[in-house]
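Engineer:
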Amino acid sequence: MIPTPRLSRRAFAGLGAAGTLAVLAACGRAEDTGGGEVAPAEPIAEGAATGSLTVWAMGAEGEALPELLTGFEEENPDVTVEVTPLPWDSAHDKFTSAIAAGTAPDVAQVGSTWMAEFVSLNALEPTPESIALDDFFPGAVEGITVADTAYGVPWYVETRLVYYRKDIAEAAGITEPATDWDGLVEMAKAMQGQPDGKWGIALQPGGPGSWQTVLPLCWSNGGDVVSEAGDEFTFESPENEEALAYYQSYFTDGIANPAPAEGTTEQDFVSGAVPMFISGPWMMAAVEAVGGEGFADKYGVFVMPVKETSSSFLGGANLGVFQGTDNRDAAWKLVEYLSRPEVQIEWFGIVAAMPGLQSAWEDETVTSNEKFEAFHTQLQTAFAPPTIATWEQVAAKFDAQIEQVCKQDLAPATALETTQSDAQSIGTGA
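Using the numbering used here, read the sequence shown as starting at 887 and increasing by one per residue.
So, in structure tokens, the structure goes:
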């Protein structure tokens, strides 16, 4: 087993990345104490990988992965790897059906919010001790850890920053981006007042995935939605109520559009109609494609504003080996290969996926873009969602309440009370 301490959000923020890694190293490997005893992972056999492997991966990663695996097949000439690309929107159901039928692949890309659910289905193998996790971003390690046991490895990571039009900010008299909650509100108001500014910032007014922006505000304010032990929900708290009220204020004060059109973020950002939004690294290429040559110089990114801390959502994807694989050793050798710094750097060059390994960020390929350095900074205090089996169901209930708060002026306290009740009815799946 590979346990990691379940540090509180506040404790993590106070330690910083280096301090957290020191804690991880000092804790060593202990026995699992949650949800029953988990058998230690078997060692990986020495020697080259042989036989055949099936791999499932989603989206652009699934399409591009065969190119990355050329090196693995050259190192292991007696292995054959078959990659099956899956669309993201149907992947979860395909996995759960395959798990139930006993037809899961040997290795797969696993969505960051699916880990605890798949572990609860006894689908994933614990990570062997020979695979070191101490160089991965701590938040990413937390995301693969269920009841103090790690399953698989983080593959690539992403987090969310504030995108802003530097030229519009300058015209509004803003020389430095906001650093705290109040400052972000004032910055959005000032930029909204520019000639082409219709709104100050684009924020999602509830609906699927809106929790990914709201929950980091709760973390930033010292709140959380699941207890430290992961066995009860904590939606109702003064910290969370203040965070949700802060988010609501952007809509009630007319700074953010409560009924935005879908798919217009890039165009609105380039035109200046909405000069700020919060999103991940993929939006860099998207806005530059719309803005054309030279647009990269017109915008910047900065870390999420501070209340107690600067907190953001940590997403991305993990690599898992499925229980019952007929070629376990080769499967873990493939995971080891994809976890090498030089391979993660190569993967960044192919699909611009941000490496999960911190050492990979030292390479010039990654550091040459100053915007990526801002993402690197945010990754130090970014967190994965709660690793509970029912999180997807609970998050959907939270999204629905956020929509009521943003569009119908529902009191944040009432929304959190309802979410708490819904979450308790669903349970943690433990």
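Here a beta-carbon is modelled for each residue, glycine too, at the ideal position from N, C-alpha and C.
#1: Could you check if ILE1236 is buried or exposed, using at least 16 other CB atoms within 10 Å of its CB as the buried criterion?
#2: Restricting to Cα atoms, I'd like to know which of ALA1268, ASP1308 and GLU960 is closest to PRO1024.
#3: CB ILE1164 to CB VAL1048, shorter than 9 Å?
#4: Is ARG915 buried or exposed, if buried means 16 or more other CB atoms sit within 10 Å of its CB?
#5: Going by the beta-carbon positions, is the gap between ALA1203 and TRP1041 smaller than 9 Å?
#6: Are the CB atoms of VAL1156 and GLY1177 within a distance shorter than 9 Å?
#7: Enumerate in chain order the residues of its own chain whose CB-to-CB distance from THR1151 is below 7 Å, with the five nearest sequence positions on each side excluded.
#8: The ligand FAD heavy atoms versus the CB of VAL1237: any closer than 8 Å?
#9: How far does the beta strand (DSSP E) with TRP942 in it reach, from first residue to last?
#10: In the DSSP assignment, the beta strand (DSSP E) including LEU1296 goes from what residue to what residue?
#11: Could you pull out every residue in the same chain whose Cβ sits closer than 7 Å to the Cβ of THR999, ignoring the five residues on either side in sequence?
#12: How about ASP885 and GLY997: are their beta carbons less than 9 Å apart?
#13: CB-CB under 7 Å to TYR1185, same chain, minus the five flanking residues each way: which ones, in chain order?
#14: Decide if THR1035 is buried, meaning its Cβ has at least 16 other Cβ atoms within 10 Å, or exposed.
#15: DSSP beta-bridge partners for ARG1051?
#16: Only counting runs of 4 or more residues, tell me where the alpha helix (DSSP H) segments fall wholly within the region 1154-1204, in order along the chain.
#17: Buried or exposed: which applies to GLU1148, given that a residue is buried once 16 or more other Cβ atoms fall within 10 Å of its Cβ?
#18: Would you decide whether GLU947 is buried or exposed? Buried here means 16 or more other CB atoms lie within 10 Å of its CB.
#19: Measuring alpha carbon to alpha carbon, tell me which residue in THR1138, THR1013, ILE930 and THR940 is nearest ALA1297.
#20: Please go through the same chain and pick out, in chain order, the residues whose beta-carbon is closer than 6 Å to the beta-carbon of ASN962, but skip the five residues on each side of it.
#21: What is the rounded straight-line gap between the Cα of GLY988 and the Cα of GLY1210?
#22: In terms of residue numbering, what span does the alpha helix (DSSP H) encompassing VAL1100 cover?
#23: Would you say VAL1280 and VAL1005 are within 9 Å of each other, going by their C-beta atoms?
#24: Below 7 Å CB to CB, which residues in the same chain sit around THR1251 once its five sequence neighbours on both sides are set aside?
#25: Tell me where the beta strand (DSSP E) around GLN995 begins and ends.
#26: If you reduce the DSSP assignment to three classes, tell me which class PHE1023 lands in.
#27: On the CB-based measure, 16 or more other CB atoms within 10 Å of its CB, does TRP1097 come out buried or exposed?
#28: How would you write the range of the alpha helix (DSSP H) that GLU1044 sits in, first residue to last?
#29: Is THR1195 closer than 9 Å to SER1106 when the C-beta atoms are compared?
#30: Which residues in the same chain as GLU1303 place their Cβ atom closer than 7 Å to its Cβ, once the five residues preceding and following it in sequence are excluded?
#31: Taking the alpha-carbon positions, what's the GLY1242 to ALA1009 distance?
#32: Could one say the Cβ of VAL1176 lies closer than 9 Å to chain B's Cβ atoms, at least one of them?
#33: Below 7 Å CB to CB, which residues in the same chain sit around TYR1132 once its five sequence neighbours on both sides are set aside?
#34: Taking all protein chains shown into account, decide if TRP1247 is buried (16 or more other Cβ within 10 angstroms of its Cβ) or exposed.
#35: Who are the Cβ neighbours of ALA1309 in its own chain at under 6 Å, not counting the five residues just before and after it?
#36: Return the CA-CA distance between SER938 and ALA931, expressed in angstroms with no decimal places.
Structural biologist: According to the structure data:
#1: Position 350 of the sequence shown, counted from the start, is the residue given in the question as residue 1236. Exposed is the call here.
#2: Counted from its first residue, the sequence shown places residue 1024 at position 138. Nearest C-alpha to PRO1024: ALA1268.
#3: In the sequence shown, the residue the question calls residue 1164 occupies position 278. In the sequence shown, the residue the question calls residue 1048 occupies position 162. Yes, they are a contact pair.
#4: Here residue 915 corresponds to residue number 29 of the sequence shown, with the count starting at 1. The predicted model places ARG915 with a pLDDT of 28, which falls under 50 and marks its position as unreliable, so this point remains unresolved.
#5: On the sequence shown, residue 1203 is found 317 positions in, with the first residue counted as 1. On the sequence shown, residue 1041 is found 155 positions in, with the first residue counted as 1. Contact: yes.
#6: Within the sequence shown, the letter at position 291 stands for residue 1177. Within the sequence shown, the letter at position 270 stands for residue 1156. Cβ distance < 9 Å, so GLY1177 and VAL1156 count as in contact.
#7: Start at 1 with the first residue of the sequence shown, and residue 1151 comes out as number 265. Only ALA1088 and PHE1163 meet the Cβ criterion.
#8: Questions concerning the ligand FAD fall outside what the structure shown contains, since it holds no ligand whatsoever.
#9: On the sequence shown, residue 942 is found 56 positions in, with the first residue counted as 1. Per DSSP, TRP942 belongs to the beta strand (DSSP E) from 937-944.
#10: Along the sequence shown, one-based indexing puts residue 1296 at 410. Run containing LEU1296: none; DSSP gives neither H nor E here.
#11: Along the sequence shown, read from residue 1 onward, the residue named residue 999 stands at position 113. Closer than 7 Å at the Cβ level, and outside the excluded window around THR999, lie PRO1271, TRP1277 and GLU1278.
#12: Outside the shown range of the chain, which is 887 to 1316, sits residue 885, and nothing can be said about it.
#13: Reading the sequence shown from its first residue, position 299 is the one you call residue 1185. Result list for TYR1185: TYR1049, TYR1050, ARG1051, LYS1052 and VAL1173, in chain order.
#14: Counting from 1 along the sequence shown, the entry for residue 1035 is found at position 149. Its Cβ being crowded by 16 or more others within 10 Å, THR1035 is buried.
#15: Indexing the sequence shown from 1 puts residue 1051 at position 165. Answer is TYR1185, bridged to ARG1051.
#16: 1168-1177
#17: The residue you call residue 1148 lines up with position 262 of the sequence shown. Under this definition GLU1148 is an exposed residue.
#18: Taking the sequence shown and counting its residues from 1, one reaches residue 947 at position 61. Classification for GLU947: buried.
#19: Within the sequence shown, residue 1297 is the residue found at index 411, counting from 1. Of THR1138, THR1013, ILE930 and THR940, the residue nearest in Cα terms is THR1138.
#20: Walking along the sequence shown from the start, residue 962 turns up at place 76. Cβ within range, chain order: ALA934 and ALA935.
#21: The sequence position of residue 988 within the sequence shown is 102, counting from 1. The sequence position of residue 1210 within the sequence shown is 324, counting from 1. Those two C-alpha atoms are separated by around 8 Å.
#22: Indexing the sequence shown from 1 puts residue 1100 at position 214. Per DSSP, VAL1100 belongs to the alpha helix (DSSP H) from 1097-1106.
#23: Walking along the sequence shown from the start, residue 1280 turns up at place 394. Walking along the sequence shown from the start, residue 1005 turns up at place 119. No.
#24: Taking the first residue of the sequence shown as position 1, residue 1251 is located at position 365. Excluding positions up to five away in sequence, the list reads ILE1231, PHE1234 and GLY1235.
#25: Residue 995 sits at position 109 when you count from the first residue of the sequence shown. Note, GLN995: beta strand (DSSP E), 993-997.
#26: Residue 1023 sits at position 137 when you count from the first residue of the sequence shown. Coil, per DSSP.
#27: If you number the sequence shown from 1, residue 1097 lands on position 211. Buried: at least 16 other Cβ atoms inside 10 Å.
#28: Residue 1044 sits at position 158 when you count from the first residue of the sequence shown. Looking at the DSSP string, GLU1044 is not in any alpha helix (DSSP H); the run it does join, the beta strand (DSSP E), is 1039-1045.
#29: In the sequence shown, counting from the first residue as 1, residue 1106 sits at position 220. In the sequence shown, counting from the first residue as 1, residue 1195 sits at position 309. Yes, the pair counts as a contact, with Cβ atoms nearer than the cut-off.
#30: Working through the sequence shown from its first residue, we reach residue 1303 at position 417. Closer than 7 Å at the Cβ level, and outside the excluded window around GLU1303, lie GLU1122.
#31: The count along the sequence shown starts at 1 and reaches residue 1242 at position 356. The count along the sequence shown starts at 1 and reaches residue 1009 at position 123. For GLY1242 and ALA1009, the distance between alpha carbons rounds to 23 Å.
#32: In the structure shown, chain B cannot be found, because there is only a single protein chain.
#33: Taking the sequence shown and counting its residues from 1, the one referred to as residue 1132 is at position 246. The answer, listed in chain order, is TRP1067 and LEU1103.
#34: Taking the first residue of the sequence shown as 1, we reach residue 1247 at position 361. Buried is the call here.
#35: Along the sequence shown, read from residue 1 onward, the residue named residue 1309 stands at position 423. Counting only Cβ-Cβ distances below 6 Å, and skipping sequence neighbours, we find PHE1119 and VAL1280.
#36: On the sequence shown, position 52 is the one that residue 938 refers to. On the sequence shown, position 45 is the one that residue 931 refers to. So the alpha carbons of these two residues sit roughly 16 Å apart.
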